[in-house]
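Residues 575 to 792 in our numbering are what the sequence shown spells out, letter by letter.
For every residue, glycine included, the Cβ atom is placed at its ideal position computed from N, Cα and C.
Keep in mind that this is a model prediction, so the values were computed, not measured.
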Amino acid sequence: MAATLLGAGDAARSVRWVLGSASPRRAEIFGLMGLQPEIVVSGFAEDLAKSSFATAAAYAEGTATEKAREVAGRLLPDAGAQPTVIVGSDTVVEIDGDVLEKPGDVEEAKAMLRRMSGRNHFVHSGVAVFSNLGGRDAGAPTMTFAETTEVTFVELTELDIENYVASREPMDKAGGYGIQGLGGQMVCGLSGCYFNVMGFPMHRFSKSMAELLLTDNA
């Protein structure tokens, strides 16, 4: 049994991979795994009530599931015999039990950064897969999970925060920063998957999909 998609060979190459996300970072991570997904942006409104979930990780997983479900409902009925995998994902930042998503404006971005300055926070990425693999029910998720990474920020000055927000990099990112860009300078410690903080848990997805594909092809 392969440990990752590196060992899945033809089983992975035969799949039609669909990423239900407009995130260029997630598309980049798929490319790093050697996958070239179709990009089909989900029409899900992302309006789940956070209070309905016991944890921030569960909220991210729930949102990912509904994003993938919407795309699967459009594509899987017409997929025929082509092995098709629909992937949805959602990433949130958690600090003090509060969920931080994308900042609505520059002042909110600054407030997020001030709050995380010199402290630890958690990044949760939810992942959901819908597929027709092995004759599975296309209306039910094949797999869902959430991955968590703990991140430590250096103590930021107001000048750090002002200049970073002025770059506009924080504005489309959960928690108001991007570890793969200018924001990486603020990170002085990390426990867990780096790519999870970037927006998609590469290793866990690769491992889980390899297990699924090779079990189906055994």
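Going by the CB atoms, is the gap between residue j and residue i shorter than 9 Å?
| i | j | result |
| --- | --- | --- |
| L707 | D621 | no |
| V667 | A748 | yes |
| Y738 | Y751 | yes |
| V697 | T718 | no |
| I669 | S705 | no |
| I603 | M783 | no |
| V592 | T665 | no |
| V771 | T726 | no |
| S691 | L733 | no |
Residue i to residue j, Cα distance in whole Å?
| i | j | result |
| --- | --- | --- |
| A586 | G713 | 22 Å |
| V761 | E743 | 15 Å |
| V680 | S741 | 10 Å |
| A582 | E736 | 46 Å |
| S595 | F618 | 11 Å |
| M745 | R599 | 14 Å |
| L606 | S765 | 21 Å |
| A624 | Y633 | Reading the sequence as shown, one finds Lys at residue 624 and not Ala. Those two C-alpha atoms are separated by around 6 Å. |
| T716 | A601 | 21 Å |
| E673 | E640 | Looking at the sequence provided, one finds Val at residue 673 rather than Glu. C-alpha separation (whole angstroms): 18 Å. |
| R590 | G662 | 14 Å |
Tell me whether residue i is buried or exposed, calling it buried when 16 or more other Cβ atoms sit within 10 Å of its Cβ.
| i | result |
| --- | --- |
| A655 | exposed |
| G757 | buried |
| L650 | buried |
| D652 | exposed |
| L787 | buried |
With a threshold of 6 Å on Cβ separation, who are the neighbours of residue i within its own chain once the five nearest residues in sequence on each side are excluded?
| i | result |
| --- | --- |
| E635 | G700, T718, A720 |
| K781 | T578 |
| G773 | S597, R599, R600, T665 |
Is there at least one Cβ from chain C nearer than 9 Å to residue i's Cβ?
| i | result |
| --- | --- |
| T637 | Among the protein chains of the structure shown there is no chain C, as only one such chain exists. |
Task: Length at least 4, wholly inside the region 603-679: the alpha helix (DSSP H) runs in chain order - done: 630-649
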